[in-house]
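K.L.:
For the record, the sequence lines run as chains A and B.
For the first sequence, my numbering gives the first residue as 17, with consecutive numbering after it.
For the second sequence, my numbering gives the first residue as -6, with consecutive numbering after it.
Built from N, CA and C at the ideal position, the CB exists for glycine as well.
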Amino acid sequence: MNEPTPDDDLQVLFARQRAADHESTSPFHAMRTWALEAGATASQSGLAPGWRWLWPTGAAFALGIVTVWFATHHPATPPASSRDTLARQLAAIDAALQRSAAAQRELIAWQSPTDFLLHPSHHENRP
Amino acid sequence: MEHAEILSQLEALHRDAFGWAVSCCAGDWHRGEDVLQVAYVKAVHGSARFDGRSAFKTWWFGVIRFTALEEARRARRWFAFLDRWRAEPEAPDEASPIVEDSELAALAIALRALSERQREVLHLTFYQRLSLSEAADVMQVTVGSARQHYERGKKRLREILPNRSALHE
Chain A
17 MNEPTPDDDL QVLFARQRAA DHESTSPFHA MRTWALEAGA TASQSGLAPG
67 WRWLWPTGAA FALGIVTVWF ATHHPATPPA SSRDTLARQL AAIDAALQRS
117 AAAQRELIAW QSPTDFLLHP SHHENRP
Chain B
-6 MEHAEILSQL EALHRDAFGW AVSCCAGDWH RGEDVLQVAY VKAVHGSARF
44 DGRSAFKTWW FGVIRFTALE EARRARRWFA FLDRWRAEPE APDEASPIVE
94 DSELAALAIA LRALSERQRE VLHLTFYQRL SLSEAADVMQ VTVGSARQHY
144 ERGKKRLREI LPNRSALHE
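So, in structure tokens, the structure goes:
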């Protein structure tokens, strides 16, 4: 006669659980059919799982080529050399000086509207 | 192994595999069913190949376990994404058939309170009647680690389960 082991209670409980589960398990054939159909759909697409990245990779590659083509055929403004920078600075200084000289000329030519009052008139000088 | 032979083995193991898939999904029947479906697709179309290095059942249960982990990871990412748009996260759907047997209902609740490893090893040894070595193979841990989870899981399960004395009688 077999002696009961300390785990017999759990054995019994799990065996009951197993029997109850087996009664409500979905049938194998339905699940197998679904799996076969799912595989058929995948094979109809003509792409193995390893090739599923083909389109995104190709698209990214094409985008890269287009970007490089644009960069080479439509160059952006080339970076200014130090000589160009110096020339631009000199031109700016020259323009500023010209503006300043013009302003100075205007200032010299300016005459107050009441300036004639300060000069003696001919009538007053007459004896 | 021939395709027909694989299908025959899968059919023979179907019920046990279903129980294992549900266990890998913490008792959620709908998710367990989905996981088993995906595992069948892998087995039928060769993305999971049996190489004969272990018993077929051990290999198959390893495939189901891995698939369940993959699905759980995907679901977590999806729910994390949804939670960004939701004010209050919904409670997880713990779909399972109505258990009329109160002891079985208590067992299901108690198993959810265990760690994933403990739940796995107890299911594999008591429900599937695998040896600890086979269970360790499925779980991809050492036998020593599996034994530790087994002992702790049993202890914890006995603490949680009500009417333990009734079970012993």
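Any Cβ of chain A within less than 8 Å of the Cβ of Leu117/B?
P.N.:
Not one chain A Cβ lies under 8 Å of Leu117/B.
K.L.:
Given this structure, state the Cα-to-Cα distance separating Val15/B from Glu39/A, to the nearest angstrom.
P.N.:
Approximately 14 Å between the Cα atoms of the pair.
K.L.:
Can you name the residues of chain B whose CB is closer than 8 Å to the CB of Thr41/A?
P.N.:
Correct list: His7, Arg8, Phe11, Gly12.
K.L.:
Thinking just about the alpha-carbon of each residue, which of Ala139/B, Ile(-1)/B, Glu(-2)/B, Ala41/B is nearest to the one in Ile112/B?
P.N.:
The identity of residue 112/B in the sequence shown is Arg, whereas the question assumes Ile. Per the Cα distances, Ala139/B.
K.L.:
Under 8 Å between the Cβ atoms of Tyr120/B and Phe30/A?
P.N.:
Closer than 8 Å, so yes.
K.L.:
List, in order along the chain, the chain B residues whose C-beta lies closer than 8 Å to that of Leu70/A?
P.N.:
Within chain B, no residue comes near Leu70/A; the closest Cβ sits about 18 Å away, beyond 8 Å.
K.L.:
Going by C-alpha distance, which of Tyr33/B, Asp27/B, Asp94/B is nearest Glu4/B?
P.N.:
It is Tyr33/B.
K.L.:
Measuring only the C-alpha atoms, how far is Arg58/B from Met132/B?
P.N.:
If I take the Cα positions, the gap works out to 8 Å.
K.L.:
With the cut-off set at 8 Å, would you say Asp37/A and Gly12/B are in Cβ contact?
P.N.:
Yes.
K.L.:
Could you work out which residues of chain A lie near Val37/B, taking near to mean beta carbons separated by less than 8 Å?
P.N.:
Arg48, Ala51, Leu52, Gly55, listed in chain order.
K.L.:
So with CB distances below 8 Å, who are the chain A contacts of Asp94/B?
P.N.:
Ordered by position in chain A, the residues that pass the 8 Å Cβ test against Asp94/B are Arg32, Ala36.
K.L.:
Out of curiosity, what's the CA-to-CA distance linking Arg149/B and Ile102/B?
P.N.:
The alpha-carbon atoms of Arg149/B and Ile102/B are separated by roughly 12 Å.
K.L.:
Taking 8 Å as the CB-CB cut-off, is Lys147/B touching chain A?
P.N.:
For Lys147/B, the answer is yes, since a Cβ of chain A falls inside 8 Å of its Cβ.
K.L.:
With a 10 Å radius around its C-beta and 16 neighbouring C-beta atoms as the bar for buried, classify Gln127/A as buried or exposed.
P.N.:
Burial call: exposed.
K.L.:
Hey, out of Leu62/B, Ala(-3)/B, Thr51/B, His23/B, whose CA is closest to Gly172/B's CA?
P.N.:
There is simply no residue 172/B to check, as chain B begins at -6 and stops at 162 in what is shown.
K.L.:
I'd like to know if Leu107/B contacts chain A, where contact means its C-beta is closer than 8 Å to some C-beta of that chain.
P.N.:
No, Leu107/B lies away from the interface with chain A (no Cβ there is under 8 Å from its Cβ).
K.L.:
What is the C-beta distance between Glu127/B and Thr51/B, in whole angstroms, given that I count them as a contact (C-beta under 8 Å)?
P.N.:
Sure, about 6 Å apart at Cβ, within 8 Å.
K.L.:
How would you list, in chain order, the residues of chain B whose beta-carbon sits under 9 Å from the beta-carbon of Leu106/A?
P.N.:
Chain B residues near Leu106/A: none, gap ~58 Å exceeds 9 Å.
K.L.:
Identify the continuous alpha helix (DSSP H) that holds Glu113/B and give its terminal residues.
P.N.:
Looking at the DSSP string, the run of the alpha helix (DSSP H) that includes Glu113/B is 109 to 115.
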